[in-house]
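Structure first, commentary second.
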Amino acid sequence: MCGIFGIVTREERTLGPVLIEAGRRLAYRGYDSVGCAVLCDDGTIDLRKDVGRVEEVAERLGFAEMRGRRGITQLRWATFGAPSRTNAQPHLDSEGRMVGAHNGNVVNNVELRERFIAEGMTVRSTNDGESCVHAVERYRRAGDDMVTAIRKAANDLHGDYAFVIGEAGDDRLYAIKMGSGLVAGIGDGFTCVSSDLPSILPLTRRVIRLNDGEIAVLDADGVTVVGVETGETVHREPELVEDDMETAEKGGFPHFMLKEIHEQPKVAGDLLHLLGESKHVVPFLEMAGRARHLYLVGCGTSHHACLEGAVYLNRLAGRSATPVLAPQFIAQYGASVGPEDVGIFVSQSGETKDVLNAVEAARARGMGVLALANVLGSTLMNAADHYLPLACGYEISVPATKTFTNQVIAFLFIAHRLGNRDADCLARIPALLEAAIERALPQVEAIARELADREDLYCLGYGLTFGIALEGALKLKEITYAHCEGMLSTEFKHGPLSAVTEGYPVLFVPGPEDVPVMISAINEVTCRGGRAICIAEPDPRIEANADHVVELPAAPPEVNPLLAVVPLQLLAYRLSVLRGHDPDFPRNLSKTLTVD
Ligand code: M6R
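Residues in the sequence shown are numbered from 4 upward in steps of one, following this note's numbering.
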C-alpha cells in the first residue's frame with residue numbers, strides 16, 4: 004500500500020538522503036513506484052519519480068542530491084492507474100506551483116478527473132493522488148488560503164485517504180487525515196509527517212497522532228492541528244514515543260522473511276510473558292466470555308489464525324466460534340448479529356480495510372469489538388473495546404510468519420483461559436518452535452529442490468491442521484508464484500483428486516490425533532501415482548504410507564499446528580529463492596491493504 008512522508012526544515016539543505024531513508028522505511032508496505040519532490044526557496048519544485056525499487060530509482064534519478072527546504076516522498080502501490088512514471092507520486096498542480104502525494108483511495112477519482120479537465124486544469128495521470136492536488140488547486144485558484152482550500156477539497160474527495168501537500172512561496176507543508184494513517188513528528192529545527200510511525204522515529208520521538216478530520220500545518224518550528232469541519236485550531240500535546248524501535252535490519256539473514264521465521268521462538272516467549280502480565284487480558288476475556296456468540300474475523304493469514312482459533316475455542320473452552328473472512332461478515336451474518344455478540348477482529352497491521360469495514364458493521368449492530376493486532380496504535384486497536392497486542396515487533400516481509408504464530412498462540416491462550424484450563428503447555432512453545440526450526444531447515448532443503456519446478460500442488464490438513472494447510476498453501480502461492488491450494492484432506496476426493504498423475508506432489512499435515520483419517524487421504528493420492536509429502540511427528544503409520552516425511556518435534560496436540568507451519572514457511576521461502584524471486588517483496592502484493 005502507498006506510504007507518504009514529508010519534512011519541513013528551517014534552512015534549505017540537501018534533503019535527498021532523508022527522503023530516501025524515509026522511503027526505505029515505508030517499503031515494507033509493498034509498492035511499485037517511488038518519487039521525491041523538494042520545494043526550494045527560489046520557488047522551484049524539483050520532482051523526480053519512476054517505477055522501481057527505492058534504492059534503484061534513487062540511484063538512477065539522483066535523489067541523494069536533491070536540495071530544498073521542504074521535501075515529500077511517496078511509495079505507490081497501484082490501485083487507480085497502472086504502475087508508470089506518470090502515475091507515480093508526488094504530483095504537480097496545473098502550473099507546477101503545488102506538489103502533493105497521497106495514501107489510500109479516492110473513490111470518485113474518475114468523476115473528479117473529468118471535472119478538473121473540464122475546468123481547464125492540466126491533469127497528467129489517472130492516479131487519484133493527482134486528484135488530491137487538483138482538488139486543493141481548485142480552491143486556491145478561487146482565492147482561498149491553503150488550509151481553507153484543503154478543508155473544501157476534503158468535501159470533494161470521497162474515500163479513505165491522507166495526503167501531504169506544499170506550495171511554492173510558502174514555507175509550510177500541509178497534511179490531512181481522512182481515513183488513512185497519519186502521524187506528525189516534531190524535531191529540533193524541523194517537523195515531519197508520515198503514514199507510518201517507523202519512518203519518523205529515527206528522526207524524532209515527539210509525535211502527534213492525527214485523528215480523522217484533522218489537518219496538520221507543519222513549519223520548521225512546530226505543528227498546528229486544525230479541524231477540517233470547524234477550521235479551528237485543535238490543541239494537541241505531542242507525545243513522547245518511548246518504545247524501542249527494532250531496527251529493520253536483516254540481522255545477518257539474507258531476507259527479512261527468514262529472519263522473521265527465526266524470530267518466532269522469541270516473539271512467542273514475549274507474547275506469553277506479556278499475556279501473563281497485561282492489564283488488557285481480563286477485560287478482553289470478560290467481554291469474550293459474556294458473548295452470546297463469537298465471530299473470528301480476518302483476512303489472508305489472519306483468517307487462517309481464526310480457523311485455528313475456532314477449533315481451540317470449541318475444544319478447550321466448549322465455545323462455538325465462527326471464523327469468517329472479513330468481507331463476508333456482513334453478507335453472512337449482518338442480519339443475525341446483535342449487541343449480545345462479540346467479534347474478535349484479527350490483523351497484523353490493524354489497518355486492513357476489509358477488516359475495518361467489518362468492525363464498522365459490527366459496531367453499527369451494537370456488537371462488542373475485540374482485537375488481536377500487532378501494530379501498536381493501529382486503527383483497529385483504537386477502534387476496539389479491548390485488544391491484545393501480538394508483541395511481534397515489526398514484521399517487514401510481506402508474507403506474514405511470526406505474526407501468524409502469535410495470533411494462533413493468542414487464541415490458544417484465550418481458549419485455555421475461557422475454558423478455565425491449566426495452560427502449562429504454553430510455556431513449552433518457544434523451545435518447541437526453536438526445535439521445529441532447527442529440525443526443519445535441513446529436511447526442507449531436499450523437498451524444495453524436488454519441487455522447485457512444480458507449478459501446481461496441494462496442501463491438505465484436517466481438524467487442528469486445517470488452518471495450517473491453508474496457511475502453508477498461501478505462503479507457497481504468495482512467494483513462489485506457483486499454484487498451491489490448501490484444503491481439508493477429506494475434501495480432496497470430492498474433486499481435486501482428478502488432478503493427480505504420476506509424481507503429482509501433495510503436502511499433508513497430519514496432526515497426531517488425525518493420523519488414521521489422513522492415511523486414507525494419503526493412499527488415495529499414492530495409489531494413483533501421486534507423491535505424498537507429510538509434515539508430522541514421527542509415527543510409524545505415516546512413515547509406512549508417505550513418500551517423504553518432514554519430522555516435527557513431539558508436542559501436545561494443540562501445540563502441534565504451531566510447529567507444523569514452520570516447515571511450510573521454510574519450504575515456501577526456499578522455493579521462492581530457488582525460483583529466483585524476492586520472498587520479502589512478492590510482485591503485485593502489499594504488506595498492508597488499506598483499500599477495499
Ligand atoms: O495486516 P493483516 O493481518 O490484516 O493482513 C491480512 C492479509 O493481507 C495478510 O495476512 C496477507 O494474507 C499476508 N501477506 C499473507 O502472508
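Beta carbons are placed, not taken as given, at the ideal position from N, Cα and C, and that holds for glycine.
Simplified DSSP state of residue i, which is helix, strand or coil
i	result
residue 77	strand
residue 373	strand
residue 7	strand
residue 361	helix
residue 473	helix
residue 601	This structure leaves residue 601 out entirely; the chain is present only between 4 and 599.
residue 3	Because residue 3 is not part of the residues shown, which for the chain are 4 to 599, the question remains open.
residue 181	strand
residue 153	helix
residue 124	coil
residue 19	helix
residue 176	strand
residue 304	helix
residue 480	helix
residue 251	With a pLDDT of only 40 at residue 251, under the threshold of 50, the placement of this residue in the model should not be trusted, and no figure is reported.
residue 340	coil
residue 46	coil
residue 34	coil
residue 129	coil
residue 25	helix
residue 218	strand
residue 465	coil
Cα-Cα separation, residue i to residue j
i	j	result
residue 563	residue 23	43 Å
residue 167	residue 5	13 Å
residue 418	residue 329	21 Å
residue 465	residue 499	16 Å
residue 412	residue 431	12 Å
residue 519	residue 302	31 Å
residue 73	residue 11	4 Å
residue 1	residue 146	Because residue 1 is not part of the residues shown, which for the chain are 4 to 599, the question remains open.
residue 119	residue 512	56 Å
residue 86	residue 400	21 Å
residue 88	residue 213	30 Å
residue 576	residue 333	35 Å
residue 241	residue 497	59 Å
residue 275	residue 308	17 Å
residue 250	residue 420	Bear in mind that the predicted position of residue 250 carries a pLDDT of just 45, short of 50, making it unreliable; the figure below should be weighed with that in mind. About 34 Å.
residue 16	residue 45	13 Å
residue 81	residue 94	15 Å
residue 272	residue 112	46 Å
residue 569	residue 277	23 Å
residue 477	residue 52	33 Å
Rounded distance between the beta-carbons of residue j and residue i, thought under 8 Å
i	j	result
residue 372	residue 387	5 Å
residue 351	residue 311	At roughly 15 Å, the Cβ-Cβ gap does not stay under 8 Å, so residue 351 and residue 311 are not in contact.
residue 556	residue 433	Not confirmed; about 12 Å, so no contact.
residue 587	residue 260	6 Å
residue 202	residue 18	Contact flag wrong, Cβ pair sits at about 14 Å.
residue 321	residue 422	7 Å
residue 149	residue 141	Incorrect: roughly 13 Å between the Cβ atoms, too far for contact.
residue 455	residue 463	That pair is no contact at about 21 Å.
residue 183	residue 597	6 Å
residue 415	residue 561	6 Å
residue 382	residue 363	Not a contact, Cβ separation roughly 11 Å.
residue 553	residue 545	Between residue 545 and residue 553 the Cβ distance is about 11 Å, and since that is not below 8 Å, they are no contact.
Beta-ladder partner(s) of residue i, from DSSP
i	result
residue 106	165
residue 189	194
residue 428	Residue 428 is not bridged to any residue.
residue 101	170
residue 212	186
residue 487	460
residue 51	39
residue 345	297, 371
residue 537	511, 552
Any 3 or more C-beta pairs closer than 8 Å across the stretch 284-293 and the stretch 439-453
At 8 Å Cβ cutoff, the stretches do not touch.
Is it a yes or a no for the stretch 372-384 touching the stretch 341-350, going by three-plus beta-carbon pairs under 8 Å?
yes
Three Cβ pairs or more, each shorter than 8 Å: is that satisfied between the stretch 31-45 and the stretch 215-223?
no
Cβ contact (3+ pairs, closer than 8 Å) linking the stretch 94-108 and the stretch 54-68:
no
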